[in-house]
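Structure record follows, encoded as structure tokens.
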Amino acid sequence: MLYPEPIQDLVGELSKLPGVGPKTAQRLAFFLLNRPKGEAEQLARAIVEARQRIRYCSSCFNFTDTDPCSLCRSATRDKGTVMVVEQPKDVIAMEKTREFKGRYHVLHGAISPMEGIGPEDLKVRELLARIGQESPHEVVLATSSSLEGEATALYLGRLLKPLGLKVTRIARGLPMGGDLDYTDEMTLLKALEGRQEI
Amino acid sequence: MQLQRVGIRGFRNLREVSLEPSASLTLLVGQNGHGKTNILEAVHVLLQGQSFRTRRDRDYLADPGPPAPVVLTAAGRLGQRDITWSYMYDGQTRRRRQGPIVPVVVFSPDDLELARGAPSARRHLLDHLLSGVDRRYARSLEAFQRAVLQRNRALKEGGLRDLADDFLPAIVREGEYVWSRRYEVFDQLLPSCQTIYHAVAGSEAVSASYVTGGNPTRIESPMRYREALAARRGDEKVRQMTLVGPHRDDIQFTVNGRSIVTAGSQGQQRTLALAIKLATYLWLKAETGTVPLVMLDDVLSELDGIRRAAVLRQVAADEAQTIVTDTEPRDFGVLNPAVFEVAEGELRLWRGNPRPLNSGPF
Ligand SMILES: Nc1ncnc2c1ncn2[C@@H]1O[C@H](COP(=O)(O)OP(=O)(O)O)[C@@H](O)[C@H]1O
Ligand SMILES: [Mg+2]
Ligand SMILES: [Zn+2]
């Protein structure tokens, strides 16, 4: 026997989410159906709102609801230093240390030939354009310490060095394969302080 | 750890099994397909946290039937901590393990691949041994292999070729560590492997050399690795893959200058496989300071008297707790095994007399 069509549709949509298989999708669907109607509507509204109001900041490519984002607009942030990270969550992690006073640039991924991801698929061209316009004196490469993060940092180093600016890489104090957002603040702070010119 | 009692519940076709193995030799006798290997596998999962024949714990769930938890328990001699391992899948994975990891060596008919199969069989043996005792090795190996995959893909894809060398520092760093440990283990295994081979084969002596992947000599520093890669740059462009590295290593075994792997007799290959596995048992024992549990799955029936005796002398007759599977009982003389019968997933004490075998080893 098949479930009524609306349930099938819901399960189908939920199972498109990362890490959610058909079984989990079913569980989530039944959970939602068993909750008060208002809760499901709230969830639906939150998804639609976020999708409509959130976009990339045209400068740093972080998620934002205003363009440019609050960090890029802030007068107290140092325009001379740009930190390159893989994901929006890495910005949150670094902000927690309260140590970094510059601005960010979010690549939205890392180089991974196996997955067919090259520089074209990341916000690299945008980074170059931005450096051309803003002429920062330092670019801090803060991609993760995974293989792909390391390779991305090496690639960006090769690309940026000839432009004559200071290019640094945060220290390898991070645990191997460690995402920035899984790393505790102290370790992150040390990685930032120990960054080295490449 | 000396196992005194193993409890198995809901593992493959084993609904409820309680095994009290002998301190030396235990024999599991039964027709094919009744659950002997499943018992060995359950013990392996319990002691090592993983199987020797699958990587998916879900394969253990009794099938068909409603999902029920798998529960494995082991109690050892007084003063040693019990081990428990449980697993359940109900849309979500629930896995729990408590207690020490205990070294295990499994002998199986597949071991013959070590002596006649592709180089990967020999590399896997070293990787398996080292990963079991050295966490950093396991991590380095995984990172190395992934870095090679990334680089090879980059070398193959026109648009990404420029990125290939951004994976080189990782390849050199991790690959160099993998080599350093493999060379070390190889040098430690070789003498006992040779001694055992000689003891079984009589007059023949085996030699072996470690063949470094893509280079005529051992590579023992990052600098040498970089030089070796640089020397084959042209080749790599043409063949679009990484040509120097531990992923292409091999071990070459020879008797009288002739390769056992490609030109050895069946007897030579069997003896070599046995000698390699026994050498790994001795190595693990020395390295971990613990006597490994030994399992012989369907191998005794394939060995002749001399080889059978060679194995048992090293393990059960020494100090290793040994579990053997067979389709019929054999006479092990002074080893006086505990004999159990496995039928349709159930275990009971063997009632009859062990039938003496003409070529009984003891
Ligand atoms: N997940 C499972 N659930 C139930 N039975 C299983 C499962 N996996 C394997 N089996 C059964 O276990 C038997 C094989 O047991 P095995 O231990 O390999 O036999 P042997 O005694 O020859 O070593 C087969 O009958 C197979 O159908
Ligand atoms: Mg079997
Ligand atoms: Zn911004």
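Protein chains in written order, with this note's numbering: chain D, 113 to 310; chain S, 55 to 416. Quick reminder that beta carbons are idealized off the backbone N, C-alpha and C, glycines included.
Whose C-beta lies closer than 8 angstroms to the C-beta of D/Ile-166 among residues of the same chain, with five residues either side of it excluded? Phe-175, Thr-176, Asp-177
Who are S/Trp-139's beta bridge partners in DSSP? S/Leu-126, S/Arg-151
Is the region 258 to 272 of chain S in contact with the region 301 to 310 of chain S, if contact means three or more CB pairs nearer than 8 angstroms? yes
Please go through the same chain and pick out, in chain order, the residues whose beta-carbon is closer than 6 angstroms to the beta-carbon of S/Ala-24, but skip the five residues on each side of it. There is no way to answer for residue 24 of chain S, as the model of chain S reaches only from 55 to 416.
Please check if any C-beta of chain D sits within less than 8 angstroms of the C-beta of S/Met-349. no
Give the range of the alpha helix (DSSP H) segment to which D/Leu-122 is assigned. 117 to 126
As assigned by DSSP and simplified to three states, the class of D/His-249: Taken through DSSP and simplified to helix, strand or coil, D/His-249 comes out as coil.
3 or more residues per run - each beta strand (DSSP E) lying fully within the region 236 to 292 of chain S: 260 to 265
Any idea which residues DSSP pairs S/His-301 with across the strands? For S/His-301, no pairing in a beta bridge is given by DSSP.
When burial is assigned at 16 or more other CB atoms within 10 Å of the CB, is S/Ala-169 buried or exposed? buried
Counting only beta-carbon atoms, is D/Thr-178 nearer than 8 angstroms to chain S? no
What is the chain-ordered set of residues for which the beta carbon lies under 5 angstroms from any non-hydrogen atom of ligand 1? S/Arg-66, S/Asn-67, S/Asn-86, S/Gly-87, S/His-88, S/Gly-89, S/Lys-90, S/Thr-91, S/Asn-92, S/Ala-116, S/Asp-117
Can you have a look at D/Phe-173 and say buried or exposed, based on whether 16 or more other CB atoms are within 10 angstroms of its CB? Per the 10 Å Cβ criterion, buried.
Apply the 10 Å Cβ neighbour rule to S/Tyr-231 and answer buried if 16 or more other Cβ atoms are within range, or exposed otherwise. buried
Would S/Pro-391 pass as a contact of S/Leu-94 if the rule is Cβ separation under 8 angstroms? Not closer than 8 angstroms, so no.
Simplified DSSP assignment, three categories, for S/Ser-72: strand
Let me see if you follow: with CB-CB separation under 8 angstroms, is D/Arg-281 close to chain S or not? Cβ-Cβ to chain S under 8 angstroms: no for D/Arg-281.
For D/Pro-225, does the count of other Cβ atoms within 10 angstroms reach 16, so buried, or fall short, so exposed? Buried: at least 16 other Cβ atoms inside 10 Å.
Beta-carbon neighbours of S/Ala-192, restricted to chain D and to distances below 8 angstroms: The premise fails here: S/Ala-192 is roughly 12 angstroms from chain D at the closest Cβ pair, so nothing lies under 8 angstroms.
If you reduce the DSSP assignment to three classes, tell me which class S/Gly-212 lands in. helix
D/Thr-280 and D/Glu-250 look like a contact to me (Cβ under 8 angstroms); what is the Cβ gap, rounded to whole Å? With a Cβ gap of about 6 angstroms, D/Thr-280 and D/Glu-250 count as contacting.
Chain-ordered residues of the region 283 to 306 of chain S with a beta carbon less than 7 angstroms from chain D: none
Name, in chain order, the residues that DSSP records as bridge partners for D/Tyr-168. Answer by DSSP bridge pairing, in chain order: D/Phe-175.
Between D/Ser-127 and S/Gln-204, what straight-line distance do the alpha-carbon atoms span, to the nearest angstrom? 29 angstroms
How close, in whole Å, do the beta carbons of D/Ala-265 and D/Thr-255 come, if the pair is a contact with beta carbons under 8 angstroms? 5 angstroms
Check S/Asn-412 in the structure and name its three-state DSSP category. Low confidence applies to S/Asn-412: its pLDDT is 45, below 50, so where it sits in the model is not reliable, and the reading given next is rough at best. Three-state DSSP puts S/Asn-412 in coil, outside helix and strand.
If you reduce the DSSP assignment to three classes, tell me which class S/Gln-56 lands in. Collapsing the DSSP output to three states places S/Gln-56 in coil.
Amino acids of chain D, ordered along the chain, whose beta-carbon sits closer than 7 angstroms to that of S/Leu-214: Ordered by position in chain D, the residues that pass the 7 angstroms Cβ test against S/Leu-214 are Pro-225, Gly-230.
Can you give me, in chain order, the residues of the region 240 to 266 of chain D that have a beta carbon less than 8 angstroms from any beta carbon in chain S? Leu-259, Glu-260, Glu-262, Ala-263, Thr-264, Leu-266
Cβ pair count under 8 angstroms reaching 3, the region 205 to 215 of chain D against the region 178 to 196 of chain D: yes
Could you tell me if the beta carbon of S/Asp-352 falls within a distance shorter than 7 angstroms of some heavy atom in ligand 2? yes
Interface residues of chain D facing S/Ala-50 [CB-CB closer than 7 angstroms]: Residue numbering for chain S in the displayed model covers 55 to 416; residue 50 of chain S lies beyond these limits and cannot be assessed.
Using alpha carbons as the reference points, say which of S/Ala-96, S/Ala-122, S/Arg-215 lies closest to S/Arg-148. When the alpha-carbon of S/Arg-148 is set against those of S/Ala-96, S/Ala-122, S/Arg-215, the nearest one is in S/Ala-122.
Work out the CA separation of S/Leu-183 and S/Lys-291 for me, nearest whole Å. 34 angstroms
Indicate the three-state DSSP secondary structure (helix, strand or coil) for S/Val-345 in the structure shown. Note: S/Val-345 maps to coil in three-state DSSP.
Compute the Euclidean distance between the alpha carbons of D/Phe-142 and S/Ser-72, then round it to the nearest angstrom. 40 angstroms
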